[in-house]
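Student:
In this note's numbering, the protein residues as written are 1 to 524.
#1: For the alpha helix (DSSP H) containing residue 74, name the first residue and the last one.
#2: DSSP three-state label for residue 130, please.
#3: Can you confirm whether the segment 110-120 touches the segment 51-63 when touching is taken to mean that 3 or more C-beta pairs between the two stretches lie within less than 8 Å?
#4: When you compare each of 211, 212 and 252 to residue 229 by their alpha carbons, which one comes out closest?
#5: Per the DSSP calculation, residue 509 is bridged to which residue(s)?
#6: If residue 511 and residue 521 are in contact, beta carbons under 8 Å, what's the gap, nearest whole angstrom?
#7: Please work out which residues of its chain come closer than 6 Å, Cβ to Cβ, to residue 27, disregarding the five sequence neighbours upstream and downstream, and give them in chain order.
#8: So if DSSP puts residue 516 in a beta bridge, which residue, or which two residues, is it bridged to?
#9: On the CB-based measure, 16 or more other CB atoms within 10 Å of its CB, does residue 40 come out buried or exposed?
#10: I believe residue 479 touches residue 448 by the beta-carbon criterion, under 8 Å. Please report the beta-carbon distance rounded to the nearest angstrom.
#11: Applying the criterion that 16 or more other CB atoms from any shown protein chain within 10 Å of the CB defines a buried residue, is residue 159 buried or exposed?
#12: Identify the residues that DSSP records as bridge partners of residue 259: which are they?
#13: Taking its Cβ as the centre, do 16 or more other Cβ atoms sit within 10 Å of residue 91, making it buried, or is it exposed?
#14: What's the gap between the Cα of residue 358 and the Cα of residue 453?
#15: Examine the Cβ distances between the segment 200-219 and the segment 229-241 and report whether three or more of them are shorter than 8 Å.
#16: To the nearest angstrom, how far is the alpha carbon of residue 349 from that of residue 319?
#17: Which of the three DSSP states, helix, strand or coil, is assigned to residue 254?
#18: In this structure, how does DSSP classify residue 42 when only helix, strand and coil are distinguished?
#19: I'd like the list of long-range same chain contacts for residue 46, defined as Cβ closer than 7 Å, with 5 residues on each side in sequence excluded.
#20: Helix, strand or coil for residue 151, going by three-state DSSP, please let me know.
#21: One question on the structure: do residue 176 and residue 195 come within less than 8 Å of each other, judged by their Cβ atoms?
#22: For residue 52, which of 145, 340 and 268 has the nearest alpha-carbon?
#23: Which residues does DSSP pair with residue 125 in a beta bridge?
#24: Grab the span of the beta strand (DSSP E) containing residue 56 for me, first residue to last.
#25: Pick helix, strand or coil for residue 27, following the three-state DSSP scheme.
#26: Taking all protein chains shown into account, do 16 or more other C-beta atoms lie within 10 angstroms of the C-beta of residue 410, making it buried, or fewer, making it exposed?
#27: I'd like to know if the segment 93-110 and the segment 180-199 are in contact, where contact means that at least 3 CB-CB pairs between them fall below 8 Å.
#28: In terms of residues, what are the limits of the beta strand (DSSP E) holding residue 156?
#29: With a threshold of 16 other CB atoms inside 10 Å of the CB of residue 346, please say whether the residue is buried or exposed.
#30: In whole angstroms, what is the alpha-carbon distance linking residue 25 and residue 109?
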């Protein structure tokens with residue numbers, strides 16, 4: 001029973017680990033998606049002319065138009081704050097210009113997002129806001145007034161702050177506890193508010209001083225979360241419990257997932273109270289099952305003895321019947337030997353004829369295909385002309401589009417690209433006609449329109465029929481039972497021969513007609 005309980009516990013833990021892995025992967029992807037959808041915004045704003053003009057002549061310009069512009073972008077992008085720093089890290093304009101705790105006038109030289117951007121890079125930073133004390137993720141980009149060169153340096157820094165509260169609100173609906181820690185093992189995001197701004201383990205005085213220098217977490221005490229590890233498992237999961245706080249004495253299975261792009265670790269804590277219930281239930285079931293097995297073993301032994309006796313009797317009967325059947329088969333074989341030999345020779349003859357018919361059909365198909373390829377060779381010059389015209393036009397439209405694109409004439413670019421699309425569709429139609437003509441026949445008979453086959457053949461010779469008058473003589477559409485591919489080949493050959501015969505004539509007239517005669521259609 002103890003072994004059954006252990007097996008049940010291990011299976012329940014494995015199931016819980018799989019659930020935790022799936023939830024952790026989805027939650028990490030959601031957090032990354034929430035952050036990365038805003039990373040482009042600082043670079044976009046830093047390249048705007050309004051920002052550059054203000055930064056170039058800030059003493060002569062009012063910051064209010066830029067404040068309003070930044071506030072408009074903040075509302076559209078659904079971010080917390082957007083603000084502009086000068087080369088000395090002083091805030092010149094901000095989307096929260098109208099709020100009591102506005103960033104305008106504040107200096108952020110101690111923030112790494114300023115230090116990275118003022119050196120020409122793109123900064124990222126997370127922590128508590130100095131003014132708002134709200135947790136956020138910061139993106140920054142340098143603002144260049146001149147062309148970027150070896151001796152140039154940024155004239156300012158554009159910063160975008162994204163709040164993390166909405167992500168935590170979505171985590172609260174899950175039955176698991178989710179939290180994110182930084183490289184110092186500080187919990188700065190958690191689905192339970194009590195876990196935020198705590199440390200996974202006791203911080204040393206040196207670590208506290210380093211955090212105070214960056215003011216990442218302002219003056220938060222960063223007390224230990226009170227986590228005790230009960231068991232470390234081979235699959236990387238751990239069984240833990242809390243010795244303080246609202247989760248005290250509750251047991252959890254925890255997994256961690258590293259977020260390489262941010263240097264964070266996301267943790268998921270799944271309650272494992274149900275594992276103990278499954279463990280004891282399995283032990284009780286194992287005890288009951290043992291009693292049932294003992295009872296069933298006695299009954300099974302009795303039934304096994306009876307079944308063996310029946311099997312011995314049945315085996316003797318089978319042996320007797322087998323001997324009688326073998327004797328009967330020998331007698332039949334002696335009397336039917338000549339008939340079997342005749343059947344064998346007849347089967348060989350039938351197989352030989354079948355192979356001959358198959359070879360004949362294959363040869364016919366190859367001859368038809370060879371004729372098609374020969375016809376394709378005759379059509380090559382016309383097809384080359386048909387393809388070269390749109391190719392030349394495509395090249396001209398593409399060169400025009402490039403010139404229009406350099407001039408920012410996007411409507412003209414769109415018009416040229418539309419012409420390119422139309423020309424490629426025309427080339428695709430020519431290619432489809434050739435592909436249809438070169439396909440092999442499957443020798444199946446279907447109901448085929450003679451007029452449709454004529455139309456297909458005329459399309460193939462379109463490039464050779466500029467000076468040929470085509471007359472179509474039929475009162476109604478003619479339908480026949482035929483192999484579509486071979487009928488098309490016949491009509492292509494007929495029209496090709498006619499065009500070749502009229503090649504030297506001053507005037508050319510091609511008449512196509514169908515005439516119903518009895519059960520047949522005469523085509524000419």
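Note that beta-carbon positions come from the ideal geometry of N, C-alpha and C, so glycine has one too. Model, not experiment: these values are computed from the prediction.
Tutor: From the atom records:
#1: 64-77
#2: coil
#3: no
#4: 252
#5: 469
#6: Not quite, the Cβ-Cβ distance comes to about 16 Å (not below 8 Å), so this is no contact.
#7: 178
#8: 521
#9: exposed
#10: 7 Å
#11: buried
#12: 264
#13: buried
#14: 28 Å
#15: no
#16: 41 Å
#17: strand
#18: helix
#19: 141, 142, 143 and 158
#20: coil
#21: no
#22: 145
#23: 138
#24: That residue, residue 56, is in no beta strand (DSSP E); its alpha helix (DSSP H) goes 49-56.
#25: helix
#26: exposed
#27: no
#28: 156-163
#29: exposed
#30: 36 Å
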